[in-house]
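As structure tokens, the structure follows; a few thoughts come after it.
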């Protein structure tokens, strides 16, 4: 089973609703699906207030999924690329405050920062899962 989800844009509650409806996570927000691939199609961040919370959840789910013979893939979206590249045009004040300061957010998205490193090392522009090709549309 393959579940594809795109353009969450910082909306944590929307992501939780989608993952719960697809029976990928339980009420404690832990991975529960067996033999399933979740393909996140990019743009997890910006516009909404919870980019940090979303990225932390996705990191956790990526670690948990293999214990259920499942995989979580994350595709590079233009908003992830913009953040790693130092463009912050779509931050919200609440999203910024979740990091504590502009400098802290910039450090997290720097090339060696927690999220910058994830984006740079783990998110590809394309992903083939089974016989399906996934890309971010932009």
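Residue numbers (the numbering used here): 17 to 154.
Ideal placement from N, C-alpha and C gives every residue a C-beta, glycine not left out.
What did DSSP end up calling residue i once you bin it into helix, strand or coil?
i           : result
residue 98  : helix
residue 40  : coil
residue 115 : helix
residue 81  : helix
residue 148 : strand
residue 74  : helix
residue 35  : helix
Give me the Cα-Cα distance between residue i and residue j, rounded to the nearest whole angstrom.
i           : j           : result
residue 54  : residue 90  : 8 angstroms
residue 26  : residue 122 : 16 angstroms
residue 84  : residue 49  : 7 angstroms
residue 113 : residue 125 : 15 angstroms
residue 78  : residue 86  : 9 angstroms
residue 152 : residue 92  : 7 angstroms
residue 45  : residue 34  : 12 angstroms
residue 109 : residue 103 : 15 angstroms
residue 38  : residue 29  : 14 angstroms
Which same chain residues end up closer than 7 angstroms to residue i when comparing Cβ atoms and leaving out the 5 residues on each side of it in sequence?
i           : result
residue 138 : 90
residue 148 : 18
residue 143 : 55, 89, 91 and 150
residue 118 : 112
Taking C-beta to C-beta, are residue i and residue j nearer than 7 angstroms?
i           : j           : result
residue 40  : residue 70  : no
residue 111 : residue 59  : no
residue 20  : residue 73  : no
residue 97  : residue 88  : no
residue 100 : residue 135 : yes
Can you find the residues in the same chain that come closer than 6 angstroms, C-beta to C-beta, to residue i, ignoring five residues on each side of it along the sequence?
i           : result
residue 106 : 62 and 63
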